[in-house]
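Q: Numbering (my numbering), first residue to last: 2 to 367.
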Amino acid sequence: MRLRSLTLRHFRNAGFAALEFSGRQHFLIGANGQGKTNLLEAAGYLTALRSFRTAEQKLLVTHTQHTAAISCLVEHERHGETHLTIKLHHGEKELWCDKARVTRLADHLGKFPTVVFSSQDLQLVRGSPAGRRRWLDLTLAAMDANYFRALQTYSRALAERNALLKTGRAADAQLAAFEQILAPAAEELIALREAGLRVLAKSLKTAYAQLCDDAEPAGLVYEPNFAEASAESLLARLESGRARDAQFRTTLVGPHRDDFHFNVCHTAARDFGSEGQQRSLVLALRLAQAAWFQEKSGVRPVLLCDDVLGELDPARRRRFWSAIDHESQVIATGTSLPDAELGAWQVFDVADGVFTVRAEEAEAAT
Numbered sequence: 002m003r004l005r006s007l008t009l010r011h012f013r014n015a016g017f018a019a020l021e022f023s024g025r026q027h028f029l030i031g032a033n034g035q036g037k038t039n040l041l042e043a044a045g046y047l048t049a050l051r052s053f054r055t056a057e058q059k060l061l062v063t064h065t066q067h068t069a070a071i072s073c074l075v076e077h078e079r080h081g082e083t084h085l086t087i088k089l090h091h092g093e094k095e096l097w098c099d100k101a102r103v104t105r106l107a108d109h110l111g112k113f114p115t116v117v118f119s120s121q122d123l124q125l126v127r128g129s130p131a132g133r134r135r136w137l138d139l140t141l142a143a144m145d146a147n148y149f150r151a152l153q154t155y156s157r158a159l160a161e162r163n164a165l166l167k168t169g170r171a172a173d174a175q176l177a178a179f180e181q182i183l184a185p186a187a188e189e190l191i192a193l194r195e196a197g198l199r200v201l202a203k204s205l206k207t208a209y210a211q212l213c214d215d216a217e218p219a220g221l222v223y224e225p226n227f228a229e230a231s232a233e234s235l236l237a238r239l240e241s242g243r244a245r246d247a248q249f250r251t252t253l254v255g256p257h258r259d260d261f262h263f264n265v266c267h268t269a270a271r272d273f274g275s276e277g278q279q280r281s282l283v284l285a286l287r288l289a290q291a292a293w294f295q296e297k298s299g300v301r302p303v304l305l306c307d308d309v310l311g312e313l314d315p316a317r318r319r320r321f322w323s324a325i326d327h328e329s330q331v332i333a334t335g336t337s338l339p340d341a342e343l344g345a346w347q348v349f350d351v352a353d354g355v356f357t358v359r360a361e362e363a364e365a366a367t
């Protein structure tokens, strides 16, 4: 897939921006805080109508405005030239594909894959389980309509059960009604997470070996909150835990409390990995995500690299570049141009939400 044009209206700090992309490699250069990441966020929004930075849609709309829009022209392996428009307003979102309104997000999932490599990805190793769960949900839901539906069903039933618990007056019959919905959705989520992480772990191991020159083994380990992954077992656990849940006024068991961790050299990377190992792990995770997206969709994802190359030492930078699919489109950001060995880029200068293409495609900095 290639992104050929991208237009933003009132998205973050971009009042209006219209970019035409030529070639395969594009670089957004400017000081920090000018809007480079905002453009990658808009491009990444195409995949599953979700931001990789925030769950708060209102933050995407320019302050003082009521509506934001993202419009793009995509050159697609399967669907040919496709126009997409996304409108964000009043807490709602609209998706239009070739001037036809798309009313079911499940019909859109998996068609327009993008993968973001972010400097914030280190938090996937170091941060809270909630951040890892959000990444996992976004990744699996983006390519699997069954996962998306199970996640929606589970999240809605969980919110309703927790709302009842917060009243302090939840009757067993009321809780049981939501548990009958929670348990089978949880069973499906756990099975799909286990299968997805197994495939991603295999690709991560391969990608990490490329980045680190086969120096050390790496992997992912799924940590389900409830190991007995059957609807019947979870239903029994929810029923037996009602008194405790009522005490804490929240549901204490289920896949909403799942986690996974990274290991390197057979030890937990969060506790024992060096900064270089941790950075390599999250890059390998994103490379694994790109490979999985391509396998599931049959489409090469657009790679969005947000100020990640500048944070790598020269050896890891070269290995990272050799590890990516050289047929994929890359849109990268930074405060200085890439190394000369990375070839020619179409360069956009970015200042205060304004994107200006340089007169000619610039050769990489020497």
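Where is the CB? At the ideal position from N, CA and C, for every residue including glycine. Predicted model only: the values in this text are computed from it and were never measured.
(1) Keeping to the same chain, check which residues put their C-beta closer than 8 Å to that of residue 287; ignore five residues upstream and five downstream.
(2) Between the beta-carbon of residue 44 and the beta-carbon of residue 305, is there less than 7 Å?
(3) Using DSSP with H/G/I as helix, E/B as strand and the rest coil, what is residue 309?
(4) Determine which residues share a DSSP beta bridge with residue 112 and list them.
(5) In whole angstroms, what separates the C-alpha of residue 353 from that of residue 53?
(6) Whose C-beta lies closer than 8 Å to the C-beta of residue 193 among residues of the same chain, with five residues either side of it excluded?
(7) Is residue 187 closer than 7 Å to residue 256 when the C-beta atoms are compared?
(8) Could you check where the alpha helix (DSSP H) with residue 149 kicks off and where it finishes?
(9) Quick one: what's got a C-beta closer than 7 Å to residue 182's C-beta in the same chain, skipping five residues either side?
(10) Here's a check: name, in chain order, each residue in its chain whose Cβ is nearer than 6 Å to the Cβ of residue 334, leaving out the five neighbours to either side.
(11) Considering only residues of the same chain and omitting the five flanking positions on each side of residue 25, which have a CB-CB separation below 6 Å?
(12) Taking residue 139 as the reference, give the member of 97, 294, 105, 89 with the closest Cα.
(13) Is it right to say residue 248 is buried, meaning 16 or more other beta carbons lie within 10 angstroms of its own, or is it exposed?
(14) Give the straight-line distance between the Cα atoms of residue 245 and residue 206, rounded to the nearest whole angstrom.
(15) DSSP on residue 77, reduced to helix/strand/coil?
(16) My output table needs one value for residue 100: the three-state DSSP class, helix, strand or coil.
(17) Which ranges does the alpha helix (DSSP H) cover as unbroken runs of at least 4 residues, wholly within the region 21 to 95, from first to last along the chain?
(18) Determine whether the beta carbon atoms of residue 1 and residue 129 lie at a separation below 7 Å.
(19) Take residue 339 as the anchor and find which of 124, 27, 217 has the nearest alpha-carbon.
(20) Would you identify the three-state DSSP class for residue 3, choosing helix, strand or coil?
(21) DSSP puts residue 17 in a beta bridge; with which residues?
(22) Examine the Cβ distances between the region 164 to 177 and the region 259 to 272 and report whether three or more of them are shorter than 8 Å.
(23) With respect to the beta strand (DSSP E) encompassing residue 221, which residues constitute its N-terminal and C-terminal limits?
A: Inspection of the coordinates gives the following:
(1) 116, 117, 118, 122
(2) yes
(3) coil
(4) None; residue 112 has no bridge partner.
(5) 21 Å
(6) 141, 145, 147, 148, 151
(7) yes
(8) 146 to 168
(9) 154, 158
(10) 29, 37, 307, 308
(11) 330
(12) 294
(13) exposed
(14) 40 Å
(15) strand
(16) coil
(17) 37 to 49
(18) Coverage of the chain is limited to positions 2 through 367, which leaves residue 1 absent and any answer about it impossible.
(19) 27
(20) strand
(21) 10
(22) no
(23) 219 to 224
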